[in-house]
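With the sequence shown counted from 1, adding 11 to any position gets you the working numbering. We put the CB at the ideal spot given by N, CA and C, even for glycine. Report on one structure; see the data block that follows.
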Amino acid sequence: MKIVDEDAFRFSLIRIQIDSDLRMNEDIQKHQHRKYVARTIEKLMFSDILLENIQNVIFEGE
């Protein structure tokens with residue numbers, strides 16, 4: 012797969028993760044699976060998960 016804009020692709024993976032969190036009430040298994048796949052792709056391509064880094068900064072700042 013050839014990715015033209017890596018930043019845009021990463022942000023689309025983040026949007027999938029956030030959307031899955033918001034829709035968890037609808038079908039928990041489906042949305043857990045979507046989130047897992049998006050997080051795994053992000054981890055493999057970018058070596059870290061941006062949302063985890065943001066959450067760590069927020070919780071450490073309190």
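Comparing alpha-carbon positions, which option in Lys41, Asp32 and Arg21 lies nearest isoleucine 60? Arg21
Terminal residues of the continuous alpha helix (DSSP H) containing valine 15? Run containing valine 15: none; DSSP gives neither H nor E here.
Do you know offhand how far isoleucine 52's Cα is from glutamate 63's? 14 Å
Among residues of its own chain, excluding the 5 on either side of arginine 34, which ones have a beta-carbon nearer than 6 Å to its beta-carbon? His42
With C-beta atoms as the reference, is glutamine 28 less than 9 Å away from lysine 54? no
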